[in-house]
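Residue numbers (this note's numbering): 10 to 253.
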């Protein structure tokens, strides 16, 4: 993963504390530095002070809306890209967002995974790094963030959307043990009310697909790849490169 992108400075603006907290937690997990604001006036102050690499900006704010915030910071010479968040799913709003200088648009309720992926895509463009392949790797396991293609040792792996989100979350936190509660919160979008055993089931599915692949050695003999997904009994799960 590109270190310049993942160390970027981001300002998150939303008047709903719960949404701010979820975004901050998800972005921190992904390695970003994050500052926040809860209204338009505060947003302008924080943006001018922090000079961020990107702004995640709610359209519906209690004082001045996100479109007005964008106009004002653009007039002040701040050209950081803006990703709008809004409960509105109206084409005119999307056009307005792009007209005032926005770069992308996500409608609430949104997937945290999608927001982080959109942020990285915008930063790759604006930091002049389009040539950087959007690939996350752990050993010989690869995920392409743009195409959602997954492969292990060059062998394509077909995953369901939930399996992909779980694998992506594990890989984003390579070497870090994640509890069932953390996984439920992130993969099932913070509103799963069922049995945590669902995590065990999906880890089992992933193991069969990711760690169950067979490859040929130099002599043409088939052998299974070295497992990457680990269980830390009583704690949670993690993914990391095999120890020598």
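Glycine is no exception: its CB is placed at the ideal position from the N, C-alpha and C atoms.
_Nearest to residue 81 (by Cα), restricted to the options 21, 51 and 62_ = Per the Cα distances, 51.
_On the CB-based measure, 16 or more other CB atoms within 10 Å of its CB, does residue 235 come out buried or exposed?_
exposed
*Same chain, Cβ closer than 6 Å to residue 90, five either side skipped, listed in chain order*: 63, 112, 131 and 135
*Is the CB-CB distance between residue 249 and residue 151 below 7 Å?*
no
_To the nearest angstrom, how far is the alpha carbon of residue 196 from that of residue 175?_
Looking at the two C-alpha atoms, the distance is approximately 6 Å.
_Taking 6 Å as the limit between beta carbons, can you name the residues of its chain near residue 254, skipping five residues before and five after?_
Not covered by the structure: residue 254. The range shown for the chain is 10 to 253.
_My output table needs one value for residue 139: the three-state DSSP class, helix, strand or coil._
In this prediction, residue 139 scores a pLDDT of 46, lower than 50, which makes its location untrustworthy; no coordinate-derived value is stated.
*Would you mind working out which of 232, 218 and 58 sits nearest residue 161, comparing C-alpha positions?*
218
_Reduced DSSP category for residue 49 - H, G, I as helix; E, B as strand; rest coil_ = helix
*By the 10 Å Cβ neighbour count, where 16 or more other Cβ atoms means buried, how is residue 139 classified, buried or exposed?*
Confidence is the limiting factor: at residue 139 the pLDDT is only 46, short of 50, which leaves the residue's position unreliable and the question unanswerable from this model.
*Specify the secondary structure class of residue 238 as computed by DSSP and reduced to three states.*
Strand, per DSSP.
*asked:* Quick check on DSSP: helix, strand or coil for residue 84?
replied: helix
*Given a cut-off of 7 Å, decide if residue 212 and residue 246 are closer than it, judged by their beta-carbon atoms.*
Cβ atoms of residue 246 and residue 212: closer than 7 Å.
*For residue 232, which beta-bridge partners are listed by DSSP?*
224
*Closest to residue 117 by CA distance: which of 125, 94 and 133 is it?*
94
*Quick one: grab the DSSP three-state call for residue 163.*
Residue 163: coil per DSSP, three-state reduction.
*Quick one: what's got a C-beta closer than 8 Å to residue 165's C-beta in the same chain, skipping five residues either side?*
Within the same chain, and ignoring the five residues on either side of residue 165 in sequence, the residues whose Cβ sits closer than 8 Å to its Cβ are 158 and 159.
*Looking at the structure shown, is residue 66 part of a helix, part of a strand, or coil, going by DSSP?*
Shown here, residue 66 sits in a strand according to DSSP, grouped into three states.
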